[in-house]
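End of the sequence shown sits at 322 in the numbering used here; the numbers just go up one at a time, nothing left out. Quick reminder that beta carbons are idealized off the backbone N, C-alpha and C, glycines included. Written below as structure tokens is the structure these notes are about.
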Amino acid sequence: MKMQEKSILTDCLESIKHVAERYQEAAFEADHDHVRDTLQDIMIDRVEQQAAIFSLMHQMGLYETAEAPGDRIEQTLAAYRKAAEEFEARRQAADEHRSPGS
221 MKMQEKSILT DCLESIKHVA ERYQEAAFEA DHDHVRDTLQ DIMIDRVEQQ AAIFSLMHQM
281 GLYETAEAPG DRIEQTLAAY RKAAEEFEAR RQAADEHRSP GS
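Quick look at the structure:
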């Protein structure tokens with residue numbers, strides 16, 4: 221039974237990941253703020269579902285992960301923080317470009 225559970229949960233995990241990616245893609249291409257916000261909300265829901273399935277699989281021993289060294293975790297977090305800051309700066313610049321004088 222465990223193999224069947226793993227197969228079903230793996231399929232769910234991959235399917236929800238794929239769906240989340242499609243919502244993200246649609247949100248990127250949306251031209252209307254309300255549509256974009258709605259698509260992003262749906263995408264976040266799917267990402268949370270994916271995380272819940274991953275967590276369940278991990279708890280059941282169906283998805284094993286290696287423990288990362290602490291310094292590697294900090295390096296990765298720093299890289300993502302830097303990328304997020306750069307993205308936010310570009311987003312703010314784009315917003316200012318769209319609505320000059322605001």
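heavy atom of the ligand ADP below 7 Å from residue i C-beta
i: A314; result: Among the components modelled here there is no ligand, and therefore nothing to report on the ligand ADP.
Which of helix, strand or coil DSSP assigns to residue i
i: S319; result: coil
i: I280; result: The sequence given here has Met at residue 280, not Ile. Residue state, collapsed to three classes: coil.
i: A286; result: coil
Same chain, Cβ closer than 8 Å to residue i, five either side skipped, listed in chain order
i: H278; result: E284 and T285
i: A246; result: L259
Same chain only: Cβ atoms within 7 Å of residue i, ignoring 5 sequence neighbours per side
i: I262; result: Y243
Beta carbon of residue i nearer than 8 Å to that of residue j
i: I264; j: L233; result: no
Contacting residues, own chain, Cβ-Cβ under 6 Å from residue i (five flanking each side not counted)
i: V267; result: A240
i: K237; result: Q270
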